[in-house]
Amino acid sequence: MRISYFIPALILLAFIYAGAGVLVADSGLHDQIVPLWIPAGIGLAIVIRFGLPFLPGVFLGSLLFNIWLPLGWQEFFDPEAMLVAIVIASGATLQTALAAYLIEKYNAHPLRPQSGRGLVKFILFAGFLTCTLNATVGTFAVHKMANTQGSAGFFNDWLSWWMGDSFGAVLVTPLLLVLLESKVQLNTKRRLRLSAQLALVILAVLVINKIFLSHLDQQLRRSFEQDVKVLDAQVQAVVQHNLADLTRLGKEFSGPLGADPDVFRDMVAEIQQYNPSVRAYSWDPIVAKEELDTFEVSTRQLLNEPDYRVYGESLRVDDPLIPVQMVEPLEANRAALGFNLLSIEDRRRWVIAAQEQGRPVATQILNLTQAPDEPGMLILHPVYILSDQQNPLMGNMLLTGFVVGVFTVDKMFSAALEMSDIEHINFKLFESGAQSPFFTTTTSSQPSRSLFNDHFQISIAQQTWDVYAEAGPDYLAMSPASDAQLMQTLLVVVGCMGALLVLSMHDRERLLMDLVHKQTRTLAHQARHDVLTGLPNRYMLMERVSQRIHDVSEHSFSLLFIDLDRFKMINDSLGHQVGDQLLKGMANNLNRRLVNGCELFRTGGDEFILLVTGEALRAEQEAERFLNLCTIPLQIDGHKLQMTASIGISHFPEHGQDLDTLIKHADTAMYKAKAQGKNCYELYSSQLTTQAVLSFQLEQDLRIALNTRQLLLHYQPQFSLKSGDLCGLEVLVRWQHPEKGMMPPGEFIPLAEETNLIIPLGWQVIELACEQILVWQEQGKMVPPVAINISPKQLLEADFIEHINAILARFGIARSQIELEITESLIMQDPDYAIEQLNSLRQAGYRLAIDDFGIGYSSLNRLKQLPLDRLKIDYSFTRDIGTNPKDEAIILTVIALGKSLNIEVLAEGVETEAQLAFLKAQGCDSVQGFLLGRPVPEQELLSLHAA
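267 is the number of the first residue of the sequence shown in the working numbering; add one for each residue after it.
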C-alpha cells in the first residue's frame, strides 16, 4: 500500500479501535477492564486481512483508549498513566501479532480452515491461548502501576480481561473477515448470510449483557440502599457513643477535687481502643485572669510540665480564660496545652453557645490544631458543679469548664463501615442547609465514577448534618450481590459456542461446495482423460483439434495413430491385469518423453494418438522416435515385456479438414503399416483410402458370400513317391464372386483372418468338403484322406472338437478321412493349449499335419510332443532345389526328422522333374505340385477311381 494511503489507514484503524472500546466500556464495572472487548477482534481481523504492517494501528488505538477516553485529557500528560497505557497497548499489539502468526502457520483461518480441527485451532489461537498474554500484562499494569476503580482482585480482573479479549477475537474477528473478504472467495449471498448470523450472535451477547447489567443495577441499588440504612444506624451509634464518652469524662471534673491526670489519661486510652475516630480529649477549665499565675503554677505541678503556660489573649476585657489544662493523647497534641479557647472568635462563639444551652455543642473544623491533616469535628461539653450562687438559667449549677472532644469524621465513618462489614462507600458531609461540602471521607486520588448515591441526616450536639453516601465501581465489583463476572463468563462461552456453530455450518457448506467443485472438476477431468493411463482422451482430442483447426496462427499439424502390435496376445496369455499395467507403463513412458508441440492421447484399447505441431517431416521424425520409445522393455509383474507399434500419419490440412477425417486417414495408414510387417510407420495417401474402401467392400461381399454359399472347393492331389499312387487330396477354397469372377484364397483369406470371418468360413469349408466326400462315397469311389487347412483362431475355440465331430457325424464321414492341417504359428501362440487340443483330436481319430513346416521356427522340443501324421515342407524350400544348397540342406533335415519321429514328410510346390527326382532320391514320402496336378474342381478331378 502506498504511504499516502497507509498512514491515514493506520489512524483510521486507531480511532475505530478506540471508538469501539468506548461503545462497550460500560459493559463491565472496571474503568479499564471490559468483559466484552470488541476492539481485540477489530485489530486481529485487520492484521489477518492486510498483514503485520497494520500492528501500529492496534497500538495507537489501545493507547488512545487507555489514556484519553477513560481518564480524560487531564491525565494525558501524567507519566504514570502514560506508562500504564503504553504497557497495555504493547501487550495488545504483541497479542494480535502472535495470534495472526499462529493462525497463518497452522492454517486456522476462521473462514477457510484447512481441516476439521481448523476452527478449534482458531478459537484456541485467536482467543483462549493468546489472550492470556495481554490479560497478564494488562492486569499487572493496572494493579501495580495504576489506581483504577472497579477491581475485583487480581485473579478476577485477569479473568475478566482474558474473557473480554477472547470475546472480541473469537466473535468479532470472523465477522470483520467476512465483510473484508473478496467477492471471489465469498459471494454476496453467503457474505450477507454469514455476516448476519455472526452479527446476531454478537448482538445477542451484548443485549443480554445489557439486560443483565440493568437487572444487576437494580439489585445492587437495593442492596446499596439497605447498606446506607445500616450505615446510618452505625454512624448514629458512633456519635452517641462519642457523646456518652464526653459525658463520662465530664463527670470526672464535676467533683470538688477535679480529675487526676493519670485517671484522665487512662480513660482516654481506653476510649481510643474501641473508638478510633477520637483524635483528642481535653479539659479546659474557666480561669479568672487574676488567678492566671496561680493556675499555671498548680498546672505545672499537676502535669509535671515545667514549661506549661497559657497562651492566647481573650477577645474581650471582661472574658475569663479557658485554657487547655489536660489533653490526651499528650504527645500527638502537646501544642494544644495552654491554648485559650476565647482567643479565637469562632471558639468564643461555640463556648457561649454551650454555656447558654447548658448542653454539648458540635462544630466543624477544617484544620484541627490536633489533626491538621484531616477535617474533623469538635464537641464542647460544659461541666457544672453545685454552688451556693444562683443562676437564672442553671439554678445553683456552676460552670467550671469544658471537656472538649476532637473527632475525625473520616475515622468516624470508617468505624461505621467496619462495624457494618461494608466497604467502598464514600461519604460527603454537609452542614444542614449548606450548598457545598467541606470535607469528604474515603476519597481517592483518582476520579471515581459515582454509580449509586443516597443520603441521611445525623444530629450531633445540637447540630444537624446532611450525609451523602456514594458507591463507585469498587462497591459493585466487591458486593456480594454482584455475580457479573460469572454471568458474563457464561455469555462469552455461549457466544464463542454460537460463533463456532455458525462458522462450522459455514465451513461445512464451504467444504460441501468445495467437494462439489472438486467432484465437478474431477468429472470434467475424467470426461477429458483416460481413467487407466491418465492421458487426455478422445473428447479432449476433439477439443484440441478443434482449437488447432480454428486457430488462425496454427498453420499445420499432424495426427499420428499409434497401435501396439500383437497386444491382444498379452491379454490372452498373461491376463488383462498385466495388459492394463503394460498400457499404464507405456503411457507413462511415452508421456514423460514428449517434446514441445506434441500432445499424447489414448483413444481406447491399445490405441494412442499423438498430435504434432509442424510440417509432415517433423511428424515422421516423431513417428520414428516413438517407434523406438515403444520398444523400451517394461518390467510388469515379473515379466519383461517389449512391444512394437505401428503408426499411421495424417497431416492437416492436406489429409483432412476435421478430426474424424484425420483419424480415419491416420487409421488407414496405420493398417497399411501393419500390413507392411508392423513396427513401422506409414504416411497417409489417397491410394490408401481407395484400398481401404475396396477392402471394406470386399469384407461386405465376403459376408454375403458366406450367407449365399458362393465359396467353392478345389482339390489338389498328393502322390506317394514310393508307389506313385494318389495318397491324399488338399482342399483349397475359391470364391466365385458375382462381379469379379473366381477369386483365389490369397485375395480374401487374409481379410477373413483380419475380420474374424475366417471362423465361419472354416466351418463352411469343412461342411463343403464333407458333402463332397459323401457324394464320392455314394458314387462308390475310393477317397483318400482329405486335408483341410484349419485357422489357428478356429482351432483354439473351446468347442472346436465338439463342433467338428458333430459335422462329420451329420454327414456320416469317418474321422480318419479328414486330415487337419495346422500352421506352426498356432503352436507358438499358446503351446500348452495347442498340444492339449491336438492330442484330443488325435485321440478322436483325426489325422494331423503341420503345413508350411520350416518357416515358423518351431521348437524341436515342442515338435516331438505333437501327435502328427505328416510334415509338409513349404514350397519356398522346394523351389530352390538345385539352386540353393542351404534350402536343400533344410529339406534333408526335415526328411531325416520325419523318419526319426516316424512322421510322413510331404513336399509342396513340386513343379519340375529335377525337384521330383531330388525328393524321391532323398527318401521323401509324398509330394504335391503343379508338376503332378493342379488344384481343380471335383468334376475335373481324374485321379479318383472306383473302389
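Ideal Cβ positions, reconstructed from N, Cα and C, are used throughout, including at glycine.
| Query | Result |
| --- | --- |
| Beta-bridge partners of Trp549, as assigned by DSSP | Met592 and Val669 |
| Val733 - partner residues in DSSP beta bridges | Leu695 and Phe722 |
| Whole runs of the alpha helix (DSSP H) within the region 752-816, excluding any shorter than 4 residues | 804-816 |
| Same chain, Cβ closer than 6 angstroms to Leu659, neighbours up to 5 away in sequence not counted | Here Leu659 scores only 47 on pLDDT, less than 50, and its place in the model should not be relied on; the value that follows carries that caveat. Within the same chain, Leu659 has no close Cβ partners at all. |
| Own chain, CB closer than 8 angstroms to His783, minus 5 neighbours either side, in chain order | none |
| With 16 other Cβ atoms within 10 Å as the buried cut-off, status of Tyr540 | exposed |
| Local Cβ density within 10 Å of Ser989, reported as buried at 16 or more and exposed below that | exposed |
| Helix, strand or coil at Leu659 [DSSP, three-state] | With a pLDDT of only 47 at Leu659, under 50, the local geometry of the prediction cannot be trusted, and the value read off the model is given with reservation. Coil, per DSSP. |
| Unbroken alpha helix (DSSP H) run spanning Met685, endpoints | Val675 to Ser686 |
| Beta-bridge partners of Ala1173, as assigned by DSSP | Ile1139 and Val1193 |
| contact_flag[the region 973-982, the region 938-958] where n(CB pairs < 8 angstroms) is 3 or more | no |
| Closest residue to Leu390 among Gly880, Gly671 and Met429 (Cα-Cα distance) | Met429 |
| Alpha helix (DSSP H) segment containing Ser432, residue limits | Phe420 to Phe433 |
| Unbroken alpha helix (DSSP H) run spanning Val467, endpoints | Thr454 to Glu518 |
| Own chain partners of Gln1002 with C-beta closer than 7 angstroms, once the 5 adjacent residues on each side are dropped | Gln976, Leu978 and Met1008 |
| Start-to-end residues for the alpha helix (DSSP H) that takes in Trp616 | Glu611 to Gln623 |
| Endpoints, the alpha helix (DSSP H) within which Ser822 is located | Neither: Ser822 is in no alpha helix (DSSP H) and is coded neither H nor E. |
| Separation of Leu1207 from His842, as counted between CA atoms | 50 angstroms |
| Beta-carbon spacing of Leu395, Thr362 below 8 angstroms | no |
| Buried or exposed (CB count within 10 angstroms, at least 16 for buried), Asp511 | buried |
| Integer-rounded CB distance, given that Pro305 should sit under 8 angstroms from Leu769 | 21 angstroms between Cβ atoms; not a contact. |
| Nearest-angstrom Cα separation, counted from Ile1088 out to Leu907 | 28 angstroms |
| Identity of the residues DSSP links to Gln567 by a beta bridge | Note: Gln567 sits in no beta bridge, so no partner. |
| Outcome for Asp1117 when other beta-carbon atoms lying within 10 angstroms are tallied against a minimum of 16 | buried |
| Within 8 angstroms, strictly: CB atoms of Phe718 and Val733 | no |
| Expected contact under 8 angstroms - CB spacing of Val576 and Glu562 to nearest Å | 6 angstroms |
| Three-state secondary structure (DSSP) of Val649 | strand |
| Three-state secondary structure (DSSP) of Tyr1237 | Because the chain here runs from 267 to 1213, residue 1237 falls outside it and cannot be looked at. |
| Helix, strand or coil at Gly257 [DSSP, three-state] | What the structure shows of the chain is the stretch from 267 to 1213, and residue 257 is not part of that stretch, so it cannot be assessed. |
| Three-way DSSP call (helix, strand, coil) for Asn837 in this model | helix |
| For Leu992 and Gln1131, the rounded distance between their alpha carbons | 29 angstroms |
| Opposing strand residues paired with Tyr577 [DSSP bridges] | Phe605 |
| Short Cβ contact (8 angstroms threshold) for Ala311 with Leu446 | yes |
| Coil, strand or helix - Gln976 by DSSP | coil |
| Supposed close pair Ala1173, Ile1139 - CB separation, criterion 8 angstroms | 5 angstroms |
| Terminal residues of the alpha helix (DSSP H) in which Gly323 lies | Leu321 to Ile333 |
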